[in-house]
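Asks: Dropping the structure in here first, questions after.
Protein chains: 2
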Amino acid sequence: MIQAHAVRLFTERGYDATTVADVAEAAGVSPMTVYRHFPTKEDLVLADRHGRLVAERIAASSAAQPLVRRIGGALIDSAAALSGGRHGDDLTADRRFLLTRLRLMVSTPALRARHLDNHYALQRAIVDALGDDAADPERAFHAQAAASACLGVLHTALVRWAEDDGRTELSGLIAEALTAAFGDDILEPAGGTGASQPVGRAGCR
Amino acid sequence: MIQAHAVRLFTERGYDATTVADVAEAAGVSPMTVYRHFPTKEDLVLADRHGRLVAERIAASSAAQPLVRRIGGALIDSAAALSGGRHGDDLTADRRFLLTRLRLMVSTPALRARHLDNHYALQRAIVDALGDDAADPERAFHAQAAASACLGVLHTALVRWAEDDGRTELSGLIAEALTAAFGDDILEPAGGTGASQPVGRAGCR
DNA sequence: TACCATACTGGTAGTTACTAACATGAAAGG
DNA sequence: CCTTTCATGTTAGTAACTACCAGTATGGTA
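So the protein sequences, as listed, match chains W and V.
Heads up: the first sequence is residues 1 to 205, going by full-length UniProt numbering.
Heads up: the second sequence is residues 1 to 205, going by full-length UniProt numbering.
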C-alpha cells in the first residue's frame with residue numbers, strides 16, 4: 001500500500017522531487033513507518049524477489065549444457081512464468097506495476113545504479129546455483145563471466161520491454177537478446193532440454 | 001590531492017565510517033572545496049574517464065566483424081594501453097592507485113552500484129560508437145545486448161584483477177573472460193585484424 | 001474479566017550528504 | 001593601481017537516514 005502510493009508519486013512528480021515524508025503523508029502513516037517497511041527510499045521501487053526463482057531453475061538444469069545456455073534458459077523460463085502473463089489482451093495489474101517501476105528504475109540514476117547492483121547480487125547467486133565447484137578459481141571465474149554477460153543481456157531486454165510498454169512478450173525479448181549476443185545456436189539447437197550434446201562453446205567441458 | 005587523502009581514509013577506516021568533513025580536514029581544505037571538485041562523495045573514488053578510449057577504438061574498428069568481437073577487442077586493447085602497464089616487475093603508482101580504488105568499488109555497495117551505472121553509461125557510448133544505425137530499433141537492440149554482455153564480462157575481469165592484486169595482466173583476464181562467455185573463436189580465429197571473414201555469429205550481418 | 005507477550009506504530013533528536021547564496025582573498029591583465 | 005576572474009570559505013537550509021524511547025492493538029492464557 002505504501003509502495004503503491006510511493007510509485008504513483010514518483011511517477012507523477014519525479015523521484016528526486018518526492019520526499020519520504022510526502023510518501024508517508026499520502027499513505028496516511030508516519031515517515032518512521034515507511035522506513036520500517038522499506039529501509040531506503042530506493043527500496044520503495046526496487047523490492048525484487050524473483051531472483052530466487054532464477055537460481056532454483058539453474059540449480060535444476062543439466063550441468064552438461066554450456067554455461068550461457070543454462071543461465072539463459074533459466075532467465076527465459078523465469079520471465080515466462082512471471083506472475084501469469086496476461087489476461088486476454090491486456091496486462092495483469094502486477095505486470096503494469098512492474099512496468100511502471102521498471103521505467104522509474106531505468107530513468108532515475110540512483111534507482112538504476114541500485115538495480116544494477118541487485119543484478120550483480122543475482123549474478124553471484126547464479127554462480128552458486130551453477131554448482132560449478134567454487135574450489136577451482138578458474139572455473140569460478142568462467143562462471144562469473146558467463147553469468148555477468150547473461151545478466152547484462154537480461155538488463156537490456158528489460159529496458160527494451162519497458163520502452164515497449166510491455167507489448168512484446170518479455171521472454172521472447174530475452175531470447176532475442178541472448179541470440180544477438182551469443183549467436184543463433186545458443187538456445188537448444190538440437191531441441192532436447194537436457195539431453196542435447198554439449199557444443200564446443202562456453203563451459204561445455 | 002584531495003582524492004588521494006580520500007582513498008587513503010576510505011581504505012583505512014571504511015567508506016561509510018569516513019565523512020566528507022574528515023576528508024576535507026585531512027586534505028587541509030573546507031568541505032565546500034571537496035564538493036566543488038567532486039560533486040558527490042562517490043566521485044572521490046570513481047572518477048573514470050578512460051571510457052572515451054574504448055569508444056574511440058570501437059569507432060575505428062572494422063564494421064565487418066561481429067559485434068562482440070569489435071567490442072571485446074576494444075576492451076582488451078584499451079586495458080593493455082592503460083597507463084603504461086608496469087615498470088620492470090612492480091606496478092606503476094597509477095595502477096596501484098587504480099587497484100585500491102577498484103577494491104573499494106567492489107566492496108562498498110554504494111560505490112559498486114554507481115560503478116555499475118558508469119558501465120551502463122559506457123555501454124550506451126559503445127553502442128553509439130558502433131555506428132550501427134540507431135534508426136533501426138532492431139539492430140540497436142542487438143547492439144545493446146552485445147555491449148551489455150561484453151561490459152558484464154569486463155566487470156568480472158576487473159573484479160578478478162583486483163582480487164589478484166594486479167598480478168595477472170588485465171588484458172589477458174579480459175580475453176579469458178570473453179572466451180569463457182562467448183566461446184573460443186570469438187577472438188580473431190583467422191588471425192587477421194580487420195580482414196577476417198565474419199563468422200555465423202552475433203551481429204555479423 | 002484481568003493479565004501479559006508480541007508486534008506494529010509514532011515522536012524526538014541527532015548525524016550526514018548535499019545545495020544555494022553570498023563573501024573574501026589572491027592572481028592575471030590592462 | 002584598478003578590475004576581472006577564479007578558487008575558496010562561511011552560513012543556513014533540506015532531506016535521507018538512525019537510535020532510542022513510548023504508545024497501542026491484538027491474541028492467548030488464567
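Backbone N, C-alpha and C fix where the C-beta goes; we use that ideal spot for every residue, glycine too.
Being a predicted model, the structure only gives us computed values, none of them experimental.
Could you tell me the boundaries of the alpha helix (DSSP H) in which W/Phe97 lies?
Replies: Counted from its first residue, the first sequence places residue 97 of chain W at position 97. Start and end: Ala93 to Ser107.
Asks: Taking C-beta pairs closer than 7 Å, name the residues in chain V that W/Ala135 reaches, listed in chain order.
Replies: Sequence index remark: in the first sequence, residue 135 of chain W carries index 135 (1-based). Under the 7 Å cutoff, chain V gives no residues; its nearest Cβ is about 16 Å from W/Ala135.
Asks: With contact counted as at least three CB pairs below 8 Å, one residue from each stretch, are the region 123-130 of chain V and the region 121-134 of chain W in contact?
Replies: Segments in contact, no.
Asks: Please classify V/Arg36: does DSSP put it in a helix, a strand, or coil?
Replies: Looking up residue 36 of chain V in the second sequence gives position 36. The answer is helix: DSSP assigns V/Arg36 an H, G or I state.
Asks: Can you confirm whether the region 59-68 of chain V touches the region 161-178 of chain W when touching is taken to mean that 3 or more C-beta pairs between the two stretches lie within less than 8 Å?
Replies: Short answer: they don't touch.
Asks: I want to verify the contact list: residues of chain W whose CB lies under 8 Å from the CB of V/Asp43, in sequence order.
Replies: Numbered from its first residue, the second sequence carries residue 43 of chain V at position 43. Under the 8 Å cutoff, chain W gives no residues; its nearest Cβ is about 13 Å from V/Asp43.
Asks: What in chain W is Cβ-close to V/Gly152, meaning under 7 Å?
Replies: On the second sequence, residue 152 of chain V is found 152 positions in, with the first residue counted as 1. Residues of chain W passing the Cβ test: Ser148, Ala149, Leu151 and Gly152.
Asks: Once the 5 residues before and after W/Gly51 are set aside, which same chain residues still bring their CB inside 8 Å of it?
Replies: Position 51 of the first sequence holds residue 51 of chain W. If we look at W/Gly51 and ignore the five residues flanking it on each side, its Cβ neighbours are Asn118, Ala121, Leu122 and Ala125.
Asks: Applying the criterion that 16 or more other CB atoms from any shown protein chain within 10 Å of the CB defines a buried residue, is W/Arg205 buried or exposed?
Replies: By 1-based counting over the first sequence, the position of residue 205 of chain W is 205. Residue confidence is low: W/Arg205 scores 38 on pLDDT, short of 50, so the model does not pin down where it sits. Its coordinate-derived value is still stated next. That one is exposed.
Asks: I believe V/Ala180 touches W/His142 by the beta-carbon criterion, under 8 Å. Please report the beta-carbon distance rounded to the nearest angstrom.
Replies: Within the second sequence, the letter at position 180 stands for residue 180 of chain V. Within the first sequence, the letter at position 142 stands for residue 142 of chain W. The Cβ separation is near 4 Å, so the contact holds.
Asks: Can V/Ile186 and V/Gly28 be called in contact, C-beta distance under 8 Å?
Replies: Translated into the one-based positions of the second sequence, residue 186 of chain V becomes position 186. Translated into the one-based positions of the second sequence, residue 28 of chain V becomes position 28. No, they are not a contact pair.
Asks: Can V/Ala177 and V/Val153 be called in contact, C-beta distance under 8 Å?
Replies: By 1-based counting over the second sequence, the position of residue 177 of chain V is 177. By 1-based counting over the second sequence, the position of residue 153 of chain V is 153. A contact, by the Cβ cut-off of 8 Å.
Asks: Could you run through the region 44-63 of chain V and flag, in chain order, every residue whose CB is less than 9 Å away from some CB of chain W?
Replies: Within the region 44-63 of chain V, no residue qualifies.
Asks: Can you list, in chain order, the residues of its chain whose CB lies under 6 Å from that of V/Gln144, leaving out five sequence neighbours each side?
Replies: Here residue 144 of chain V corresponds to residue number 144 of the second sequence, with the count starting at 1. Here the set comprises Val127.
Asks: Check whether the Cβ of V/Glu188 lies closer than 8 Å to any Cβ atom in chain W.
Replies: As a working note, residue 188 of chain V is residue 188 in the second sequence. With 8 Å as the cut-off, V/Glu188 does not count as an interface residue toward chain W.
Asks: So is residue 271 of chain V in contact with chain W if we call contact Cβ pairs under 8 Å?
Replies: For chain V, the structure presents residues 1 to 205; residue 271 of chain V sits outside this window and is missing.
Asks: 8 Å is my cut-off, CB to CB: does W/Ala202 come that close to chain V?
Replies: The residue given as residue 202 of chain W occupies position 202 in the first sequence. Residue confidence for W/Ala202 is low, a pLDDT of 42 falling below 50, so the modelled location carries little weight and cannot support an answer.
Asks: List the endpoints of the continuous alpha helix (DSSP H) containing V/Ala177.
Replies: As a working note, residue 177 of chain V is residue 177 in the second sequence. Where V/Ala177 is concerned, the enclosing alpha helix (DSSP H) stretches over Leu170 to Phe182.
Asks: So, for W/His5: in the same chain, excluding its five sequence neighbours on each side, which residues have a beta-carbon less than 7 Å away from its beta-carbon?
Replies: Looking up residue 5 of chain W in the first sequence gives position 5. Closer than 7 Å at Cβ, skipping near neighbours: Val23, Ala26 and Ala27.
Asks: Looking at V/Met105: is its Cβ nearer than 8 Å to the Cβ of V/Leu111?
Replies: By 1-based counting over the second sequence, the position of residue 105 of chain V is 105. By 1-based counting over the second sequence, the position of residue 111 of chain V is 111. Yes, these two residues count as a Cβ contact at 8 Å.
Asks: Tell whether a beta-carbon distance below 8 Å holds between W/Ala81 and V/Ala149.
Replies: The residue given as residue 81 of chain W occupies position 81 in the first sequence. The residue given as residue 149 of chain V occupies position 149 in the second sequence. No, Cβ-Cβ distance for W/Ala81 and V/Ala149 is not below 8 Å.
Asks: Here's the rule I'm using: 16 or more other beta-carbon atoms within 10 Å means buried, otherwise exposed. How should W/Ser78 be labelled?
Replies: The residue you call residue 78 of chain W lines up with position 78 of the first sequence. W/Ser78 comes out buried.
Asks: According to a CB-to-CB cut-off of less than 7 Å, which residues of the region 101-135 of chain V neighbour chain W?
Replies: Within the region 101-135 of chain V, the qualifying residues are Pro109, Arg112, Ala113, Arg114, Leu116, Asp117 and Tyr120.
Asks: Count the other CB atoms within 10 Å of the CB of W/Asp16; is the residue buried (16 or more) or exposed (fewer)?
Replies: In the first sequence, counting from the first residue as 1, residue 16 of chain W sits at position 16. Result: exposed.
Asks: By the 10 Å Cβ neighbour count, where 16 or more other Cβ atoms means buried, how is V/Asp136 classified, buried or exposed?
Replies: Locating residue 136 of chain V in the second sequence gives position 136, counting from the first residue. Its Cβ having fewer than 16 others within 10 Å, V/Asp136 is exposed.
Asks: Going by DSSP, what residue range makes up the alpha helix (DSSP H) through W/His5?
Replies: As a position in the first sequence, residue 5 of chain W is number 5, starting the count at 1. Where W/His5 is concerned, the enclosing alpha helix (DSSP H) stretches over Ile2 to Arg13.
Asks: With DSSP collapsed to three states, give me the class of V/Gly191.
Replies: What you label residue 191 of chain V is simply residue 191 of the second sequence in a count that begins at 1. Caution applies to V/Gly191, whose pLDDT of 45 falls short of 50 and renders its modelled position unreliable; the value that the coordinates give is listed next. It is coil, neither helix nor strand.
Asks: Once the 5 residues before and after V/Asp164 are set aside, which same chain residues still bring their CB inside 7 Å of it?
Replies: Residue numbering aside, residue 164 of chain V sits at position 164 when the second sequence is read from its first letter. None.
Asks: Which of the residues in the UniProt DNA-binding region "H-T-H motif" (19-38) of chain W, read from start to end, lie with their CB under 8 Å from any CB of chain V?
Replies: The residues in question: there are none.
Asks: Is DSSP giving V/Val45 helix, strand or coil here?
Replies: One-based indexing of the second sequence puts residue 45 of chain V at position 45. If DSSP states are grouped into helix, strand and coil, V/Val45 belongs with coil.
Asks: Cα separation between V/Gly183 and V/Ala157?
Replies: For the purposes of this step, residue 183 of chain V is identified with residue 183 of the second sequence, where counting begins at 1. For the purposes of this step, residue 157 of chain V is identified with residue 157 of the second sequence, where counting begins at 1. Each residue's Cα considered, the two are about 16 Å apart.
Asks: By how many angstroms is the C-alpha of V/Val45 removed from the C-alpha of V/Leu9?
Replies: Looking up residue 9 of chain V in the second sequence gives position 9. Looking up residue 45 of chain V in the second sequence gives position 45. Looking at the two C-alpha atoms, the distance is approximately 11 Å.
Asks: If you reduce the DSSP assignment to three classes, tell me which class V/Pro66 lands in.
Replies: Sequence index remark: in the second sequence, residue 66 of chain V carries index 66 (1-based). Looking at V/Pro66 - three-state DSSP - the assignment turns out to be coil, as it is neither helix nor strand.
Asks: Would the beta-carbon of V/Val34 fall within 8 Å of that of V/Val20?
Replies: The residue labelled residue 34 of chain V in the question sits at position 34 within the second sequence. The residue labelled residue 20 of chain V in the question sits at position 20 within the second sequence. Cβ distance < 8 Å, so V/Val34 and V/Val20 count as in contact.
Asks: Taking the C-alpha atoms as reference points, what is the distance between W/Phe38 and W/Leu151?
Replies: Numbered from its first residue, the first sequence carries residue 38 of chain W at position 38. Numbered from its first residue, the first sequence carries residue 151 of chain W at position 151. Approximately 25 Å, taken between the alpha carbons.
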